[in-house]
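Written below as structure tokens is the structure these notes are about.
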Amino acid sequence: MSSRTGKPPIHSAAWRISLWATLAFTCGTIVVFIFLDRFVANDIQRRSDAWLSGEVEVLGDVAERTPNDALYNRVVGEVAELASREVPEKSASQEAPNDSVFFIQADKNGALKLWVGAGDGQERLQAIQAYKLGASGPVSIRVRGYTTPFRVASDTMGDGARVYLGLSERDQRRVILNLRVRFFVLWLSLVLLGFAIVFFTSRRTLSHVRNITDAASHIGESDLKMRVPTSSRNDEISQLGDTLNRMLDRIENSVHQLHTITDSLAHDLRSPLTAIRGKLETSLALQDAEQAEPVVAAIEELDRLTDFLNKSLDVAEAKADALRLNPGPIDLDELLRSTIDLYEPSMNERGIRIRLHSAAPVQIVGDAGLIHRMVANLFDNELKHLPSGCSVDIYLQKHEEEARLTLRDNGPGFDPDVREQLFTKAVKGKRSSGHGLGLAFVDAVVRAHSGRVRADNMEAGGASIVLSLPLAAHEPEPMPTARAG
Amino acid sequence: MRLLMVEDEHDIQSFLQQALAEAGYSVDVAPDGRAAETLAKNNKYDILIVDLGLPDQDGITLITRLRQLGVQAPVLILSARRSIDDRVRGLEQGGDDYLTKPFALAELLARLRNLLKRNAPPGSELTRLRVQDLELDLLRREAIRSGQTLQLTPQEFVLLEYLCRNAGRVVTRSMILDKVWGMRIQPDTNVVDVHIYRLRGKVDGNGQAPLIRTLRGVGYVLQDR
Chain H
1 MSSRTGKPPI HSAAWRISLW ATLAFTCGTI VVFIFLDRFV ANDIQRRSDA
51 WLSGEVEVLG DVAERTPNDA LYNRVVGEVA ELASREVPEK SASQEAPNDS
101 VFFIQADKNG ALKLWVGAGD GQERLQAIQA YKLGASGPVS IRVRGYTTPF
151 RVASDTMGDG ARVYLGLSER DQRRVILNLR VRFFVLWLSL VLLGFAIVFF
201 TSRRTLSHVR NITDAASHIG ESDLKMRVPT SSRNDEISQL GDTLNRMLDR
251 IENSVHQLHT ITDSLAHDLR SPLTAIRGKL ETSLALQDAE QAEPVVAAIE
301 ELDRLTDFLN KSLDVAEAKA DALRLNPGPI DLDELLRSTI DLYEPSMNER
351 GIRIRLHSAA PVQIVGDAGL IHRMVANLFD NELKHLPSGC SVDIYLQKHE
401 EEARLTLRDN GPGFDPDVRE QLFTKAVKGK RSSGHGLGLA FVDAVVRAHS
451 GRVRADNMEA GGASIVLSLP LAAHEPEPMP TARAG
Chain P
486 MRLLMVEDEH DIQSFLQQAL AEAGYSVDVA PDGRAAETLA KNNKYDILIV
536 DLGLPDQDGI TLITRLRQLG VQAPVLILSA RRSIDDRVRG LEQGGDDYLT
586 KPFALAELLA RLRNLLKRNA PPGSELTRLR VQDLELDLLR REAIRSGQTL
636 QLTPQEFVLL EYLCRNAGRV VTRSMILDKV WGMRIQPDTN VVDVHIYRLR
686 GKVDGNGQAP LIRTLRGVGY VLQDR
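In structure tokens form, the structure reads like this:
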């Protein structure tokens, strides 16, 4: 399921969405976990405290009632030992059960009277007495040599002596830790599973969007008759596709309207032009040389009018991004060489030098008719506007994914009045004799081929026109050229 | 040569009919598709001129129907439309030709001749062309006039060859641009004239009778007599 656009998934929207969703999910579950943890820990504490308080009361009672004879220590010790076996949450594998529970009996002066448990009773008693235990519930007490504190409850007997029962918190903590580890593993797999689910669903959904985008951008470049893919599900994505398709319907309709208008305009003007030209031509055969002159001039005017009509309609269509192309492979290098071959004698005649700087074939895909006319237009421009003694340098290079064609001359440059609107229809300089469509037509053709054109006066003087056109994607397959020899 | 012209514009009909008759064709005119079908069924034509915008049907539809009726003659399609239909392209590949309005008569006639030649059985390829005292050796790319070799550039030779192949007939500037430079352009400068002027300087230079004649407003002709 690798991305068709070759984009790493880290940069995709699906990745971002999953990241944010996972972050939100993680934060939410952490809050829930902390709350649960506190609840469970408190509950365990409460239960063990209840046990301690109950047990210490029983032990105090036993200690008080047992006659203070030689067996006293034994009896009380036995009872305390038994009590320690009932420790809540005790681990089964506990090796030394005694070190988690201890029992101390101290007389009214605070001296150690009875000690049941592991380790040194005197030391333990001192540690407890340092805390000054009250009558209220059990308290946590740290003891030297133990990492976990002990929970200690106390009871005062009738004669002022006190009994203490201590329980290590180790077992509760172990229970809580176990719970935490299990919860963490569960939580981690939930988060990862959630991330994976969100990532793959959003990627799947977004891949539909990407399909639509791919199709839509392709439609923009080539054929308005195509439509983006839609699905039968009536979700947001299919609605997006439907909306785009309805929009494309309207665009296609507008473009079709424009074509109808330009076609019928062309037809309505060309038919009479054909008739007039034909009549002039037939009458030309009947005239003698002197009378023929006005007829010849009329025919030439007519041809200029036809050319103007064609270019105007091309420019109009190109402005609406609706110029119709018949693309094929074109070698700009070859085209420039034959165009120079065609124009060089005329340029020499007018004292203009022309030089081509191009090393290798530069292949583009374009409408040969339009590109030829566009290049001829550029040359016509130079030929008409350069004074004698000037020179034109033409550079053709491949620049990244573009073919770059640069024309530089050392003439007077563009008229400053019109420089800002060079590519606008019907703008021309005071000295210009054309109909002002030349550069607008160049711009139209270049735009229709997804290129750019820039024109400016150079600092050193003279005009410069730079055209960038996208290079052909691959080396063109050997195709039969339509050109007749 | 019998020719059927299917064209509804009366003005175009009349001048074309006259020009074609002068060029030696016997012309029948059909103003619409139905009349064209009737005429094509009852007569055998060598070549057809069909306008794309007919009042009763599309020109392409008519051509397809005529082909189904067994009409084999080549067709020159005339169109005032801006874009060239894909179907026209198909016909073009099938051996028919296409011309945009407005056109020069000389170009129309040249295309008709080409269509007829294309459908004729192939003859042996010429290696030498001869027009009056001008001789072209197509293999050695040499031009000789009155025994003297002319110093021509390769491009000038191609231009002269094209004029020689059409000797006695008018060729227009756009035909020259198309056939010699491979460009269908309409320069608004006199680039072709300068080439012809230079060529003429070399061909007609030595005080001989001028061979290349300019027909102003129409084109050029290499005189064959």
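Which chain is which? The protein sequence lines are H and P, in order.
Heads up: the first sequence is residues 1 to 485, going by the working numbering.
Heads up: the second sequence is residues 486 to 710, going by the working numbering.
Ideal Cβ placement from N, Cα and C applies to all residues, glycine included.
Note that this is a predicted model, so its numbers are computed, not measured.
(request) Measure the CB-CB distance between P138/H and S53/H and report whether it falls below 8 Å. (result) Residue 138/H sits at position 138 when you count from the first residue of the first sequence. Residue 53/H sits at position 53 when you count from the first residue of the first sequence. Contact: yes.
(message) Measuring CB atoms only, is the segment 583-598 of chain P touching the segment 646-659 of chain P, in the sense that at least three cross pairs come out at less than 8 Å?
(response) yes
(request) Say yes only if the C-beta of A83/H is nearer than 7 Å to one or more non-hydrogen atoms of the ligand ATP, and no if none qualify. (result) Absence of the ligand ATP from the depicted structure is noted, as is the absence of any ligand whatsoever, leaving it without description.
(request) For C390/H, count neighbouring C-beta atoms within 10 Å of its own C-beta (all shown protein chains included) and say buried if the count is 16 or more, exposed if not. (result) Position 390 of the first sequence, counting from 1, holds the residue named residue 390/H. By the 10 Å Cβ count, C390/H comes out buried.
(request) Helix, strand or coil for M490/P, going by three-state DSSP, please let me know. (result) Indexing the second sequence from 1 puts residue 490/P at position 5. M490/P: strand per DSSP, three-state reduction.
(message) Quick check on the burial criterion: 16 or more other C-beta atoms within 10 angstroms. Buried or exposed for T5/H?
(response) The count along the first sequence starts at 1 and reaches residue 5/H at position 5. The pLDDT assigned to T5/H is 46, lower than 50, so where the model puts this residue is not dependable; a value taken from the coordinates is nonetheless given after this. T5/H is exposed by the Cβ-count criterion.
(request) Just mark P559/P as buried or exposed, buried being the case when its beta carbon has 16 or more other beta carbons within 10 Å. (result) Position 74 of the second sequence, counted from the start, is the residue given in the question as residue 559/P. Buried: at least 16 other Cβ atoms inside 10 Å.
(request) Could you check the C-alpha separation between D673/P and A521/P for me, to the nearest Å? (result) By one-based count along the second sequence, residue 673/P stands at place 188. By one-based count along the second sequence, residue 521/P stands at place 36. Roughly 39 Å separates the two Cα atoms.
(message) Rounded to the nearest angstrom, what separates P470/H and G579/P at their Cα positions?
(response) Numbered from its first residue, the first sequence carries residue 470/H at position 470. Numbered from its first residue, the second sequence carries residue 579/P at position 94. So the alpha carbons of these two residues sit roughly 33 Å apart.
(request) Answer yes or no: does any C-beta atom of chain P fall closer than 8 Å to that of D296/H? (result) Counted from its first residue, the first sequence places residue 296/H at position 296. Rather than Asp, the amino acid found at residue 296/H in this sequence is Val. Answer yes: the Cβ-Cβ gap between V296/H and chain P drops below 8 Å somewhere.
(request) Using beta-carbon positions only, say whether F423/H and G194/H come within less than 8 Å of one another. (result) Along the first sequence, read from residue 1 onward, the residue named residue 423/H stands at position 423. Along the first sequence, read from residue 1 onward, the residue named residue 194/H stands at position 194. Cβ atoms of F423/H and G194/H: not closer than 8 Å.
(message) Cβ closer than 7 Å: which chain P residues qualify as neighbours of I345/H?
(response) As a first step, residue 345/H must be located in the first sequence, where it is residue number 345. The residue you asked about is not Ile; residue 345/H is Pro in the sequence shown. Correct list: V679, H680 and R683.
(request) Report all residues from its chain with a CB closer than 8 Å to the CB of K225/H; omit the five preceding and five following residues, and keep chain order. (result) If you number the first sequence from 1, residue 225/H lands on position 225. Contacts found: E252.
(request) Find out if the Cβ-Cβ distance for the pair A368/H, I330/H is shorter than 8 Å. (result) Here residue 368/H corresponds to residue number 368 of the first sequence, with the count starting at 1. Here residue 330/H corresponds to residue number 330 of the first sequence, with the count starting at 1. It is a contact, given that the beta carbons lie within the stated cut-off.
(message) So that I know if they touch, is there some Cβ in chain H lying closer than 8 Å to that of N651/P?
(response) By one-based count along the second sequence, residue 651/P stands at place 166. Taking Cβ atoms only, chain H never reaches closer than 8 Å to N651/P, which makes this a no.
(message) Using 8 Å as the threshold, is the C-beta distance between I371/H and V445/H below it?
(response) Along the first sequence, one-based indexing puts residue 371/H at 371. Along the first sequence, one-based indexing puts residue 445/H at 445. Yes, the Cβ-Cβ distance between I371/H and V445/H is below 8 Å.
(request) Please determine, among T585/P, A565/P and L561/P, the residue with the shortest C-alpha to C-alpha distance to E577/P. (result) Counting from 1 along the second sequence, the entry for residue 577/P is found at position 92. Here the closest residue by C-alpha is L561/P.
(request) Give the DSSP bridge partners of W115/H, in chain order. (result) Your numbering for residue 115/H matches position 115 in the first sequence. DSSP output for W115/H lists I104/H as bridge partner(s).
(request) Kindly list the residues whose CB is nearer than 8 Å to the CB of E344/H, restricted to its own chain and excluding five residues on each side of it in sequence; keep chain order. (result) Mapped onto the first sequence, residue 344/H falls at position 344. Excluding sequence neighbours, E344/H sits near I354.
(request) Check each candidate in R710/P, L707/P and V703/P and name the one with the smallest Cα separation from L280/H. (result) In the first sequence, the residue the question calls residue 280/H occupies position 280. It is V703/P.
(request) With Q542/P as the anchor, note down where its beta strand (DSSP E) starts and where it stops. (result) What you label residue 542/P is simply residue 57 of the second sequence in a count that begins at 1. Element bounds for Q542/P: n/a, residue is neither H nor E.
(request) Report the three-state DSSP secondary structure of L323/H (helix, strand or coil). (result) The residue given as residue 323/H occupies position 323 in the first sequence. Three-state DSSP puts L323/H in coil, outside helix and strand.
(message) Give the list of continuous beta strand (DSSP E) stretches no shorter than 3 residues that lie fully inside the segment 131-203 of chain H.
(response) 139-141, 150-156 and 162-168
(request) Ignore the nearest five residues each way along the sequence and tell me which others in Q122/H's own chain have a CB closer than 7 Å to its CB. (result) Here residue 122/H refers to the residue found at position 122 of the first sequence. Same-chain partners within the cutoff: L112.
(message) Please return the same chain residues whose Cβ sits closer than 7 Å to the Cβ of A525/P, not counting the five positions on each side in sequence.
(response) For the purposes of this step, residue 525/P is taken as the residue at position 40 of the second sequence. Correct list, in chain order: L489, L551, L554 and V556.
(message) Counting C-beta neighbours from all protein chains within 10 Å, is the total for C27/H 16 or more, i.e. buried, or is it exposed?
(response) Start at 1 with the first residue of the first sequence, and residue 27/H comes out as number 27. Exposed: under 16 other Cβ atoms inside 10 Å.
(request) Mind listing, in chain order, the continuous beta strand (DSSP E) runs of no fewer than 3 residues lying wholly within the segment 646-704 of chain P? (result) 697-700
(request) Residues of the segment 364-387 of chain H with a CB closer than 7 Å to any CB of chain P: list them in chain order, please. (result) G369, H372, R373, A376, D380, L383 and K384
(message) Buried or exposed for M374/H, going by 16 or more other Cβ atoms inside 10 Å?
(response) Along the first sequence, one-based indexing puts residue 374/H at 374. By the neighbour-count rule (16 or more Cβ atoms within 10 Å), M374/H is buried.
(message) Within 8 Å of any Cβ in chain P, is that where the Cβ of E252/H sits?
(response) Indexing the first sequence from 1 puts residue 252/H at position 252. No, E252/H does not count as interfacial toward chain P.
(message) Can you tell me which residues form a DSSP beta bridge with T66/H?
(response) In the first sequence, counting from the first residue as 1, residue 66/H sits at position 66. For T66/H, which the question treats as bridged, DSSP gives no partner whatsoever.
(request) Determine, using beta carbons only, whether I548/P and L601/P come nearer to each other than 8 Å. (result) Position 63 of the second sequence holds residue 548/P. Position 116 of the second sequence holds residue 601/P. No, these two residues do not count as a Cβ contact at 8 Å.
(message) What would DSSP say about Y530/P, mapped onto helix, strand or coil?
(response) Residue numbering aside, residue 530/P sits at position 45 when the second sequence is read from its first letter. In the structure shown, Y530/P sits in coil (DSSP, three-state: anything other than H, G, I, E or B).
(request) Return the chain-ordered list of same chain residues with a C-beta closer than 8 Å to the C-beta of D582/P, the five sequence neighbours on each side being excluded. (result) Along the second sequence, one-based indexing puts residue 582/P at 97. P559, V560, L561, I562, R596, N599 and L600.
(request) Starting from A455/H, follow the beta strand (DSSP E) in both directions and report where the run begins and ends. (result) Position 455 of the first sequence, counted from the first residue, corresponds to residue 455/H. Segment R452 to N457, the beta strand (DSSP E) holding A455/H.
(message) In the DSSP output, which residue or residues are listed as bridge partners for H399/H?
(response) Against the first sequence, residue 399/H aligns to sequence position 399. Bridge partners of H399/H: E402/H.
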